[in-house]
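S.K.:
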Amino acid sequence: MTGLGAQGKLETVTFLLPAGTGILELMTTGAEPRVESACPEKANLLNEYDTAAAEFSRTVTVLNRRMGIMSREDYVRILRFSEQARIRSEQARLALERHVNEHGC
Ligand SMILES: [Zn+2]
3 MTGLGAQGKL
13 ETVTFLLPAG
23 TGILELMTTG
33 AEPRVESACP
43 EKANLLNEYD
53 TAAAEFSRTV
63 TVLNRRMGIM
73 SREDYVRILR
83 FSEQARIRSE
93 QARLALERHV
103 NEHGC
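Our numbering puts the first residue of the sequence shown at 3, with every later residue one more than the last.
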């Protein structure tokens with residue numbers, strides 16, 4: 003059990019999860035006030051993702067609260083708008099991911 007494969011896997015796990023850095027810890031850190039980013043483009047893309055995701059979330063909230071109150075026509079219209087917002091959010095996430103991979107920031 004000391005082959006290169008096992009060793010490589012162990013190294014990957016260690017890289018992904020440095021000692022004492024759990025996902026909850028990362029999320030707690032993320033909730034702290036934003037610090038100035040070293041890469042302005044990354045900050046821009048993150049802001050875009052944040053905006054698009056918030057917009058999608060808002061449309062879902064409207065659908066949830068107005069379900070049964072608004073007309074079927076309005077419901078379908080907002081549902082379509084929601085889908086567009088979801089796609090914009092996904093595109094923003096992919097753009098951010100692509101930039102981070104290419105730029106290494
Ligand atoms: Zn960058």
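Glycine is no exception: its CB is placed at the ideal position from the N, C-alpha and C atoms. Just so we're clear, the structure is a prediction, and the values are computed from it rather than from any experiment.
Is DSSP giving A40 helix, strand or coil here?
M.R.: The residue labelled residue 40 in the question sits at position 38 within the sequence shown. Coil at A40, not helix or strand.
S.K.: So what does DSSP say about M69, is it helix, strand or coil?
M.R.: The count along the sequence shown starts at 1 and reaches residue 69 at position 67. Assignment of M69 by DSSP, reduced to helix, strand and coil, places it in the coil class.
S.K.: Rounded to a whole number of angstroms, what is the C-alpha to C-alpha distance between D76 and V64?
M.R.: As a working mapping, residue 76 is identified with position 74 in the sequence shown. As a working mapping, residue 64 is identified with position 62 in the sequence shown. So the alpha carbons of these two residues sit roughly 11 Å apart.
S.K.: In chain order, what are the residues with a CB under 6 Å from some non-hydrogen atom of ligand 1?
M.R.: C41, E43, K44, H101, H105 and C107
S.K.: Is Y51 near R95, with beta carbons less than 9 Å apart?
M.R.: Residue numbering aside, residue 51 sits at position 49 when the sequence shown is read from its first letter. Residue numbering aside, residue 95 sits at position 93 when the sequence shown is read from its first letter. Yes, Cβ-Cβ distance for Y51 and R95 is below 9 Å.
S.K.: Could you tell me whether any non-hydrogen atom of ligand 2 is closer than 8 Å to the CB of R60?
M.R.: Among the ligands in the structure shown, ligand 2 does not appear; only ligand 1 can be found there.
S.K.: For A87 versus L47, is the C-beta distance shorter than 9 Å?
M.R.: Counting from one through the sequence shown, the residue named residue 87 turns up at place 85. Counting from one through the sequence shown, the residue named residue 47 turns up at place 45. No, the pair does not count as a contact, with Cβ atoms beyond the cut-off.
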